[in-house]
Amino acid sequence: MVAQRRELVTAVPGPRSAALQERRVRSVSAGIGAVLPIYIDEASGAILRDVDGNQLIDFASGIAVTSVGNSDPRVVARVREQVEKFTHTCFMVTSYEPYVEVCEQLNELTPGDHEKRSALFNSGAEAVENAVKIARYATGRDAVVAFDHGYHGRTNLTMALTAKAMPYKSGFGPFAGEIYRVPMAYPYRWPTGPERCSAEAFAAFVEMVHAQVGELNTAAVLLEPIQGEGGFIVPAPGFVARVAEWCHQNGIVFIADEVQTGFCRTGDWFASTHENVVPDLITTGKAIGGGLPLAAVTGRAELMNAVHTGGLGGTYGGNPIACAAALGAIETMREDNLVERARQLGGVLRSRLDTLASKYPVIGEVRGRGLMQAVELVSDSGAKTPDPAVTAALTAACHRNGLLTLTCGTFGNVLRFLPPLVISEELLDEGLSVFESALAEVAG
Ligand code: PLZ
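Take 458 as the starting number for the sequence shown in my numbering and just add one per residue.
Pasting the structure below:
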């Protein structure tokens, strides 16, 4: 166990990380990036310790994965037990209980009390691909509608579904067909102002799908209830519910991509609940596996069961060790009431960020829910000019001082806060003080 405190003993990165970075450059594809070139030796809870002995506060959670904290004791215990029993059979060859139990948990925890079924995969992108396969099969239609600023993965189909060219799509085409993009109800940047955003974005959505795609050609509408990589954009109130209802009226499958928002992160088990929406299909990943690779599609039994037997699958999907980890993670979320914890700490985070926003005009907006919040940084608060340079400088200052933060956003000007939900209030507070000093240094 790593003590839950920030401690810097060398520069960040230190000499041992620098030496490993040299080996990395000589052996690892340059196509894979790194937010901060330190090398982790050990981690628990909300602290990462690197090979030089520096201990950083983790405001990234491996991109919203380690919500239960790094090496959560219940995850570790279940993984240990499973790995000694057996490591793999392939669920499509011979079955095992942990897979079934994860599906039972998903069916129970996801929004709606209708009859549900689940299927397990390895990554968020794979879950999204399978949700699209299921929706197409069940409806007999081809088209899929996705949104500006959306992120759904890096495989060929999910690159097509993802909005942003750099770094995700540039040079990697041609992309999968029958994907259509419509505006997102992004209140901060809606041309006629946030009050009109929900109604006008919905009207634009309906008109574009009708005119450019055709309702009867549309298999699915795919939406993140809070957009993640695109900038932690909380859709204008009522927008998601209107879209979901319209899908229902038109026999279109409404898919909520909750890979990043799911499993307590936003102060509910799933972010769709904040929008009073019951998705037809819901994709999950990241936090469900407590740090091991697992993802899922959960949804209406009649959709999930429409596909012919053998039509879905994969060698590793729902690997027994990943399932054991997920059962440990879900147990921690339930027993430690991480829904409530995300809400409570989310309140602490919001009030600190709001105070900073009133002091520093570079913060154009504070937004998000629970422990999925962010600041959008602008060089001119009137014109709302995105400021990716100040975002990068703030990030570097946080990193230098032992706080791991991430950026996001179509314009690279959003700094996001994604600590493990088990972080202590003291450590959260200390991390925010590091961020505050970075603001004073960079934008003061
Ligand atoms: N859907 C909503 O957030 C993954 C991507 C990081 P995978 N987001 C982090 C990067 O640069 O690759 C994500 C997501 C939403 C799908 C995915 C894809 O999940 O597990 O990365 O495939």
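A virtual CB, placed ideally from N, CA and C, is assigned to each residue, including glycine.
*Can you list the beta strand (DSSP E) stretches of 3 or more residues lying completely in the stretch 469 to 544, in chain order?*
497 to 501, 504 to 507 and 512 to 515
*When the distance is taken between beta carbons, is Asp-507 closer than 9 Å to Asp-515?*
no
*asked:* For a quick check, are the C-beta atoms of Glu-735 and Leu-679 less than 9 Å apart?
replied: Note that residue 735 corresponds to Val in the displayed sequence, not to Glu. It is not a contact, given that the beta carbons lie outside the stated cut-off.
*asked:* Tell me the DSSP secondary structure of Pro-818 in three-state form.
replied: coil
*Fully enclosed by the stretch 590 to 623, which alpha helix (DSSP H) runs are 4 residues long or longer?*
613 to 618
*For Met-761, decide whether its Cβ has a neighbour in chain D, counting only Cβ atoms nearer than 9 Å.*
Protein chains in the displayed structure number just one, and chain D is not present.
*Can you name the start and end residues of the beta strand (DSSP E) that Ser-836 belongs to?*
829 to 837
_4-residue-minimum alpha helix (DSSP H) runs that sit fully inside the stretch 718 to 746, ordered along the chain_ = none
*Inter-residue Cα distance where the pair is Phe-696 and Ser-655*: 5 Å
*Assign Gly-526 to one of two classes, buried (16 or more other C-beta atoms within 10 Å of its C-beta) or exposed (fewer than that).*
buried
*asked:* Quick check on DSSP: helix, strand or coil for Thr-848?
replied: helix
*Span of the alpha helix (DSSP H) around Thr-789*: 777 to 792
*Flag this pair as yes or no: are the beta carbons of Leu-806 and Phe-720 separated by less than 9 Å?*
no
*Contacting residues, own chain, Cβ-Cβ under 8 Å from Tyr-556 (five flanking each side not counted)*: Phe-548, Leu-577, Gly-775, Pro-777 and Cys-780
*asked:* On the DSSP bridge list, what partners appear for Gly-756?
replied: Arg-574 and Leu-738
*Based on the DSSP output, what are the partners of Arg-464 in its beta bridges?*
Sequence inspection shows Glu at residue 464; the Arg mentioned does not correspond to that position. Gln-512, per the DSSP bridge assignment.
*asked:* Is it buried or exposed, Glu-883, if we count other Cβ atoms within 10 angstroms and call 16 or more buried?
replied: exposed
*Hey, would you say the C-beta of Lys-816 is under 8 Å away from at least one heavy atom of the ligand PLZ?*
no
*By a C-beta neighbour count over all protein chains shown, 10 Å radius and 16 as the cutoff for buried, is Ile-690 buried or exposed?*
buried
_When you compare the stretch 555 to 574 with the stretch 740 to 758, are there three or more beta-carbon pairs, one atom per stretch, that lie closer than 8 Å?_
yes
*What is the residue span of the beta strand (DSSP E) that Leu-679 lies within?*
675 to 680
*Spell out the partners DSSP gives Ala-713 in its beta bridges.*
Leu-680 and Ile-739
*Short check: CB of Thr-718 to CB of Pro-682, under 9 Å?*
yes
*Cβ pair Ala-831, Gly-803 closer than 9 Å*: no
*Since Pro-574 and Met-761 are thought to touch, with beta carbons under 8 Å apart, how far apart are those beta carbons, to the nearest angstrom?*
Checking the sequence, you will find Arg at residue 574 rather than Pro. Right, their Cβ atoms sit about 4 Å apart.
*In three-state terms, what does DSSP make of Cys-560?*
helix
*Segment contact, 8 Å Cβ cut-off, at least three pairs: the stretch 842 to 855 with the stretch 883 to 901*: yes
*So is the beta-carbon of His-731 under 8 Å away from any non-hydrogen atom of the ligand PLZ?*
no
*asked:* Could you tell me the alpha carbon to alpha carbon distance between Trp-726 and Gln-478, rounded to whole angstroms?
replied: 38 Å
*Relative to the C-alpha of Asn-579, which residue among Leu-769, Ile-880, Val-819 and Asp-886 is closest?*
Leu-769
*asked:* Checking the sheet assignment: what are the DSSP bridge partners for Thr-842?
replied: Asp-837
*Residue from Ser-518, Val-469, Pro-472 and Gly-490 whose Cα sits closest to the Cα of Leu-885*: Ser-518
*Examine the ligand PLZ and report whether any of its heavy atoms sits within less than 8 Å of the Cβ of Ala-582.*
yes
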